[in-house]
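Protein chains in written order, with this note's numbering: chain U, 15 to 247; chain A, 135 to 341.
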């Protein structure tokens with residue numbers, strides 16, 4: 015396998031995996047919290063929050079990338095704060111690519127998790143409360159495990175979306191080899207060069223393998239953890 | 135006094151109002167469908183909040199609108215056996231039984247899981263998933279789960295409904311044994327006259 019791919023291609027693949035895994039891991043708690051809020055709580059501004067979460071799904075990715083640039087660029091309010099407080103820069107860095115992927119994956123993750131939380135029967139929560147569970151313990155012992163298939167589905171969707179992220183990444187984090195050039199960006203770059211057809215084909219094949227692999231892995235995990243009829247596909 | 139129940143609860147256009155006291159070990163709550171029997175149990179368990187009133191069980195105040203008392207469900211210690219069982223589908227029977235036990239302070243526990251499984255005849259079910267249980271088995275596991283949470287009283291919502299005659303008879307004997315052998319006040323919702331006459335020391339009719 016290592017002879018089949020060039021070192022530069024390996025760099026692209028490992029970077030893509032790193033960016034996508036970090037994006038999903040960082041987004042997971044936030045996505046679950048948002049999903050729970052939207053599924054279980056009625057509060058002023060709920061519709062607005064729902065719309066904001068969905069914004070990256072309906073906006074052109076280039077616009078999302080540009081908005082990230084405004085907010086997290088060196089001159090942006092969040093970007094300058096991060097730099098002054100922690101010396102962190104996101105633009106032109108792999109962390110920026112991860113942020114772009116995370117923002118694009120968020121709506122898909124929230125949607126999947128929200129559906130699974132809404133599907134948890136509230137009467138089971140009531141039963142756990144009468145048996146002595148505080149609201150927090152009821153959440154940990156009933157809501158969380160019963161919504162696990164949705165969490166797995168959300169992570170899988172988020173991971174696949176992150177692997178495929180192009181528009182926001184190239185706008186916000188740019189296309190820097192070894193730093194922000196993930197699979198789609200490398201394929202795009204290869205298409206601009208004469209004689210790179212074989213490389214493009216290899217990277218495209220890797221994309222397919224990773225995405226399908228994520229899908230199958232999550233399906234297996236869900237079947238095992240739910241022990242029954244639950245599934246992602 | 136075992137049950138001192140007085141409350142008003144508005145449900146849309148309808149108002150449910152109830153006022154009774156009972157010192158019987160088993161009190162039956164009867165009345166036509168939709169009159170608010172289950173709502174009454176939910177008010178006592180703390181799942182539904184009445185507009186006003188006072189609810190005390192075994193001289194322990196659970197709700198008092200005038201004094202601003204409204205204990206959350208987990209502090210009321212109701213052994214609530216729901217009509218639909220509500221076993222947790224992701225836990226096997228043994229874990230369902232143990233669910234409330236771990237929340238009950240050890241000093242308050244008055245029955246062990248070995249005694250419960252023996253008493254209810256469910257030791258052969260411990261390794262099963264709730265989805266594989268019959269209606270009668272599910273009811274018995276639900277009763278066992280409630281007993282193990284160290285409840286101060288039992289609320290049984292139509293425990294015999296949709297069981298065949300033999301299963302219903304088994305469960306009826308079991309409820310008699312809980313009434314006679316375990317010192318715990320029981321409030322039972324039923325609309326079967328025969329069931330009520332056989333089991334209850336006092337009958338409260340709604341509607």
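We put the CB at the ideal spot given by N, CA and C, even for glycine.
- Residues of chain U with a Cβ closer than 7 angstroms to the Cβ of residue 224 (chain A) are, in chain order, 159 and 160.
- Among the residues of the segment 125-146 of chain U, those with a Cβ less than 9 angstroms away from any Cβ of chain A are 135, 137, 138, 140, 141, 142, 143, 144, 145 and 146, in the order of the chain.
- Think of a sphere of 8 angstroms around the beta carbon of residue 234 (chain U): no beta carbon from chain A falls inside it, the nearest being about 18 angstroms out.
- Put simply, the CB of residue 55 (chain U) is far from chain A, with every gap to its CB atoms at 9 angstroms or more.
- Remark: fewer than three beta-carbon pairs, one from each stretch, lie closer than 8 angstroms, so the segment 206-220 of chain U and the segment 103-114 of chain U are not flagged as touching.
- The three-state secondary structure of residue 186 (chain A), taken from DSSP, is strand.
- A distance of 9 angstroms or more separates the beta carbons of residue 25 (chain U) and residue 123 (chain U).
- Not one beta carbon of chain A lies nearer than 9 angstroms to the beta carbon of residue 237 (chain U).
- For residue 168 (chain A), no CB of chain U lies under 9 angstroms from its own CB, so it is not counted at the interface with that chain.
- Taken in chain order, the complete alpha helix (DSSP H) segments of 4 or more residues contained in the segment 145-206 of chain U are 149-152, 162-178, 181-186 and 197-206.
- The C-beta of residue 194 (chain A) has fewer than 16 other C-beta atoms within 10 Å across all chains shown, which makes the residue exposed.
- Among the residues of chain U, those whose CB is under 9 angstroms from the CB of residue 179 (chain A) are 140, 143 and 144, following chain order.
- Note on residue 261 (chain A): under 16 other CB atoms within 10 angstroms of its CB, so exposed under the neighbour-count rule.
- Per DSSP, residue 269 (chain A) is one residue of the alpha helix (DSSP H) stretching across 269-282.
- According to DSSP, residue 155 (chain A) shares a beta bridge with A:138.
- At a beta-carbon threshold of 7 angstroms, the residues of chain U lying near residue 238 (chain A) are 146, ordered along the chain.
- At a C-beta separation below 9 angstroms, residue 216 (chain A) has these neighbours in chain U: 137, 140, 141 and 144.
- Contact check for residue 323 (chain A) and residue 225 (chain A): beta-carbon distance about 26 angstroms, past the 8 angstroms limit, so the pair fails to qualify.
- A distance of 9 angstroms or more separates the beta carbons of residue 256 (chain A) and residue 290 (chain A).
- Between residue 147 (chain U) and residue 237 (chain A), the gap from beta carbon to beta carbon is short of 9 angstroms.
- DSSP places residue 31 (chain U) inside the alpha helix (DSSP H), whose first and last residues are 21-54.
- Listed in chain order, the positions of the segment 154-184 of chain U with a beta carbon within less than 9 angstroms of a beta carbon of chain A are 155, 156, 159, 160 and 162.
- Residue pairing by DSSP leaves residue 135 (chain U) without any beta bridge partner.
- Residue environment: residue 135 (chain A) is assigned as exposed (fewer than 16 neighbouring CB atoms within 10 Å of its CB, all protein chains considered).
- The three-state reading of DSSP puts residue 336 (chain A) in strand, counting E and B together.
- Out of A:215, A:296 and A:150, the CA that lies nearest to the CA of residue 145 (chain U) is found in A:215.
- At least one CB of chain A lies nearer than 9 angstroms to the CB of residue 151 (chain U).
- The beta carbon of residue 75 (chain U) lies closer than 6 angstroms to those of 181 and 182 in the same chain, with the five residues before and after it left out.
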